[in-house]
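Novice: Below is the structure I would like to discuss, written out as structure tokens.
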Amino acid sequence: MVRVLNEDGEVVDGAEVPDLDGDELVEMYRTMKLARRFDERAVSLQRQGRIGTYPPLSGQEGAQVGSAMALGDDDWMVPSYREHAASLVQGLPLKQTLRLWMGDENGARVPEDVNLFTVAVPIASQIPHATGLAWASKLKDEQDKAFLCYFGDGATSEGDFHEGLNFAGVFDTPNVFFCNNNQWAISVPRERQTASKTLAQKAEAYGFEGVQVDGMDPLAVYAVTKAAVEKAKEPAEGELRPTMIEAVQYRFGAHTTADDPSVYREEEEVEEWKAKDPIPRLEKYLQRTDRLDDETITDIEADVEDRVADAIAAAEETPRPDPVEMFQNVYAEMPGRLEKQLEWFQSIRAEHGDEALLED
Amino acid sequence: MGENLTLVQAVRDGLRDEMAEDDDVLVMGEDVGKNGGVFRATEGLYDEFGEERVIDTPLAESGIIGSAIGMAAYGLKPVPEIQFSGFMYPGFDQIVSHMARLRTRSRGRFTCPMVLRAPFGGGIRAPEHHSESKEAFYVHEAGLKVAIPSTPHDAKGMLIAAIRDPDPVIFLEPKKIYRAFREEVPDGPYEVELGEAAVRREGSDVSVFTWGAMTRPTLEAAENMADDVDVEVVDLRTLSPLDEETVVASFEKTGRAAIVHEAPKTAGVGAELTATLQEEALLHQEAPIKRVTGFDVPFPLAALEDYHLPEPERIESGIRETVEF
Ligand SMILES: Cc1ncc(C[n+]2csc(CCOP(=O)(O)OP(=O)(O)O)c2C)c(N)n1
């Protein structure tokens, strides 16, 4: 398993620290702190009924931020539903993420200039899409783009995972498949998902490289992803472009806010993994190498607090979508039948008023 | 004597009683074991029956449904759960290519007596793909039975009938009413026969056909307009096979019909009902048949879902259109 920092933030023997300058390292730290704070606030907003069901990410900041920072400007990201931090790095505003989990489709609308695919909820379904995106890029002779696709350990059991990776191998597409192995697929532990020793080794069956990395070590994740991205664009002689990365990590919180993990997992296990928390780990490393002092940490914390508060305010100030939006974007042009349904709906709204139609 | 149970508790009660009755019955799926199902429909079964009869599977719908087909063909009675009906599609191939036609294709040598359960429908403020209502897919497929209970009593009795049925049954549970109300449910196994509709409210002016979670708002609409219109409400309960007799008899009595479902309108089960009434009872028809349904759009997220789902006001407006024709 690839590792750069141990749990105390010391560089492990023989490891190579990736080539990031001080500012970039502090930026990595800041983004991880931002993601953690965002996550804590989102969970609490859900408890207050201000957003709907929400999938938390705390514990996975190292894997998300480390991998996302390894992408170049033209590379693409294909997320599942938990990549709030990775998507932020790629350019999706936090406000949008909040809007989506508030139940507004517009939150899933990615700005035109951001190379980010739309959130996928059905498990593993985004994997063949990522293969197709990369394949199209190859067919267009682009040669300078990699496509990074995220999914969980549970996703490796679905047919879509196998079909997506198999195509990637056969057509040698510029893909990086990034498995967030957070040990659990809701209540089902990793051992119940597969009898394989590692998830990374599954790549072997498709003819390309699989790498296992400490997913709570942001520097190791960055290094491994960077190498995979480069290989996707420029493989060595006889080497296939795709890579599957298994980032071994842990999600501290529930699967979603609708889930109660105390039914199936031990608190001790959570505590053990908290000792590997990626944030203090990077913090200690940065302090030890004089890139971060207490004052900067305090500044970062204040900055992060503001940015999360701003995102929440902006999301909550956005008006509810107009119900007419339900009918839009289903087709490029609204078919006559649907238009008639919209007309009838509007007459019902006019007759009864929105209040009557909205359940409390 | 019985107990006052919610619909989801009644499902659990039905599973429990039938597992106790018949050792061949087993439950399998994602999170059904230790976790007791994400809606708690299998709660306690793992402790009572053990991990060989209440099986946490890998996350793979095609694997779950496909291996259940094999088990059923080999003499067990698997009751796989798909966590949300919106996630049946990765297993759709197994459902329509194999589960539905094993009996036909093997000329009766192999059969598939399994029950595929899934929570379905909207109204619980869930994320994308968690609110689908696609019963029409399964009704369209010969060889399957499709059952949708609307009360706790029916949920238990229909589930047990489905498990005992020699054919594969798609058992869709309206999750909006999983915990909406309680009803007295008898102890021990009992059956509510599949293929029989229930007349929930007698009336003489117009027949309204519905099922699942839409039954309650339909009854509410009927009450709201009771002063001037006498509405008959028929809860179909089983969409396949359809209780044509009850449907046609009700229509012959009233001469007018509305159909309420939350699934999209186009090619929904409402279209099938309308065509059936035209074929069987055209001369009794006094007005166009009105469909009050979800719209032909993907089920919207929470912020707009109330607008998508038919509720009493919209249902009443629809019924009035056919009554006032
Ligand atoms: C096809 C499909 N089946 C079931 C579900 C319900 N579901 C949502 S998340 C989840 C577990 C996912 O586990 P994993 O892939 O390990 O990702 P994690 O959520 O742990 O990051 C399940 C079963 C789904 N979304 N899609």
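In the order they appear, the protein sequences are chains A and B.
Sequential numbering from 4 applies to the first sequence in our numbering.
Sequential numbering from 2 applies to the second sequence in our numbering.
All C-beta atoms in this analysis are idealised placements derived from N, C-alpha and C, irrespective of residue type, glycine included.
Predicted model only: the values in this text are computed from it and were never measured.
Which residue marks the beginning of the alpha helix (DSSP H) containing A/L48, and which one marks its end?
Specialist: It spans G25 to R50 - the alpha helix (DSSP H) in which A/L48 sits, taken as one unbroken run.
Novice: Between A/H355 and chain B, is the shortest Cβ-Cβ distance under 7 Å, so that the two count as touching?
Specialist: For A/H355, the answer is yes, since a Cβ of chain B falls inside 7 Å of its Cβ.
Novice: Does the beta carbon of B/F138 come closer than 7 Å to any beta carbon on chain E?
Specialist: Judged by its chain identifiers, the structure shown contains no chain E, and its protein chains are A and B.
Novice: Quick test of your reading: A/N185 and A/Y267, contact by CB under 8 Å. State the CB separation rounded to the nearest angstrom.
Specialist: The pair is not a contact, with the Cβ atoms about 14 Å apart (cut-off 8 Å).
Novice: What does DSSP give as the partner residues of A/G155 in its beta bridges?
Specialist: According to DSSP, A/G155 bridges with A/N183.
Novice: So, are the CB atoms of B/T323 and B/A276 less than 7 Å apart?
Specialist: The answer is no: Cβ separation not under 7 Å.
Novice: Check whether the stretch 109-125 of chain B touches the stretch 339-351 of chain A, counting contact only when three or more Cβ pairs, one atom from each stretch, lie closer than 8 Å.
Specialist: Output reads no: the stretch 339-351 of chain A does not touch the stretch 109-125 of chain B.
Novice: Starting from the C-beta of A/E166, find all residues in its chain whose C-beta is less than 7 Å away, skip the five residues before and the five after it, and write them out in chain order.
Specialist: Hits under 7 Å: P131.
Novice: Does the beta carbon of B/E263 come closer than 7 Å to any beta carbon on chain A?
Specialist: No - not a single Cβ of chain A is within 7 Å of the one on B/E263.
Novice: Do B/L310 and B/I178 have their C-beta atoms within less than 7 Å of each other?
Specialist: Their beta carbons are not under 7 Å apart, which means B/L310 does not touch B/I178 by this criterion.
Novice: Distance cutoff 7 Å, beta carbons only. Does A/Y267 sit that close to anything in chain B?
Specialist: Yes, its Cβ sits closer than 7 Å to a Cβ of chain B.
Novice: Does DSSP classify B/Q10 as helix, strand or coil?
Specialist: B/Q10: helix per DSSP, three-state reduction.
Novice: Measuring alpha carbon to alpha carbon, tell me which residue in A/G241, A/G172, A/I315 and A/Y153 is nearest A/Q49.
Specialist: That would be A/I315, whose Cα lies nearest to the Cα of A/Q49.
Novice: Using the three-state DSSP reduction, which class does B/E263 fall into: helix, strand or coil?
Specialist: Of the three classes helix, strand and coil, the one that applies to B/E263 here is strand, per DSSP.
Novice: In chain B, which residues lie less than 8 Å from A/R50 when you measure between Cβ atoms?
Specialist: By Cβ distance, chain B contributes nothing, its closest Cβ being about 14 Å from A/R50, past 8 Å.
Novice: For the candidate residues A/F330, A/A89, A/A335 and A/A353, whose alpha-carbon lies nearest to that of A/K343?
Specialist: Among A/F330, A/A89, A/A335 and A/A353, the Cα nearest to that of A/K343 is on A/F330.
Novice: By the 10 Å Cβ neighbour count, where 16 or more other Cβ atoms means buried, how is A/L8 classified, buried or exposed?
Specialist: Under this definition A/L8 is a buried residue.
Novice: Should the stretch 15-32 of chain A be called in touch with the stretch 232-248 of chain A, which here means at least 3 C-beta pairs below 8 Å?
Specialist: In short, these stretches do not touch, since the Cβ pair count stays below three.
Novice: Please confirm if the stretch 79-88 of chain A is in contact with the stretch 145-153 of chain A, defined as three or more CB-CB distances below 8 Å between the two stretches.
Specialist: Contact holds: three or more Cβ-Cβ distances are below 8 Å.
Novice: Strictly below 7 Å CB to CB, what residues from chain B border A/M329?
Specialist: The contacting residues are F296, V298, P301, L305, Y308 and H309.
Novice: Kindly identify the DSSP beta-bridge partner or partners of A/P221.
Specialist: Beta-bridge pairing links A/P221 to no other residue.
Novice: Could you name each continuous alpha helix (DSSP H) segment of 4 residues or more that falls completely within the stretch 79-134 of chain A, going from the start of the chain to the end?
Specialist: You should have 87-93 and 97-104.
Novice: Comparing the C-beta of B/P175 with each C-beta of chain A, is any distance below 7 Å?
Specialist: False, the Cβ-Cβ gap to chain A never drops below 7 Å.
Novice: Select from the stretch 59-72 of chain A all residues with a C-beta closer than 8 Å to any C-beta belonging to chain B, and list them in chain order.
Specialist: Answer set for the stretch 59-72 of chain A: empty.
Novice: Can you round the beta-carbon distance between B/D25 and B/L77 to whole angstroms, since I take them to be within the 8 Å contact cut?
Specialist: Right, their Cβ atoms sit about 5 Å apart.
Novice: What are the complete alpha helix (DSSP H) segments, minimum 4 residues, inside the stretch 192-259 of chain A?
Specialist: Within the stretch 192-259 of chain A, the complete alpha helix (DSSP H) runs of at least 4 residues are 193-196, 205-208 and 221-236.
Novice: Would you tell me roughly how many angstroms separate the C-alpha atoms of B/D244 and B/A198, rounded to the nearest one?
Specialist: Straight-line Cα distance between these residues: approximately 6 Å.
Novice: Determine the extent of the beta strand (DSSP E) in which B/A199 is found, giving its start and end residues.
Specialist: First-last of the beta strand (DSSP E) with B/A199: A199 to R202.
Novice: In this structure, what does DSSP give as the bridge partners for B/L117?
Specialist: Per DSSP, B/I171.
Novice: So the candidates are A/D302, A/T100, A/R284 and A/A317; which of them puts its Cα closest to the Cα of A/E10?
Specialist: It is A/R284.
Novice: Alpha carbons only, please: which of B/E22, B/I316, B/G92 and B/G38 is nearest the one belonging to B/F210?
Specialist: Of the listed residues, the one whose Cα sits closest to B/F210 is B/I316.
Novice: Is the beta carbon of B/Y131 less than 7 Å from the beta carbon of B/G87?
Specialist: Reading off the sequence shown, one finds His at residue 131 of chain B, where the question assumed Tyr. Going by C-beta atoms, B/H131 is nearer than 7 Å to B/G87.
Novice: Does the separation of the CB atoms of B/R118 and B/F172 fall below 7 Å?
Specialist: Cβ atoms of B/R118 and B/F172: closer than 7 Å.
Novice: Let me make sure I understand the geometry here. Which of A/S265, A/R352 and A/D293 has the alpha-carbon closest to that of B/N36?
Specialist: When only C-alpha atoms are compared, the closest one is A/S265.
Novice: Following a CB-centred definition, is B/A272 positioned closer than 6 Å to any heavy atom of ligand 1?
Specialist: Checking every heavy atom of ligand 1 against the Cβ of B/A272, none is found closer than 6 Å.
Novice: Could you list the residues in the stretch 121-148 of chain B with a C-beta less than 7 Å from some C-beta on chain A, going in chain order?
Specialist: Listed by position along the chain: R126, A127, P128, E129 and H130.
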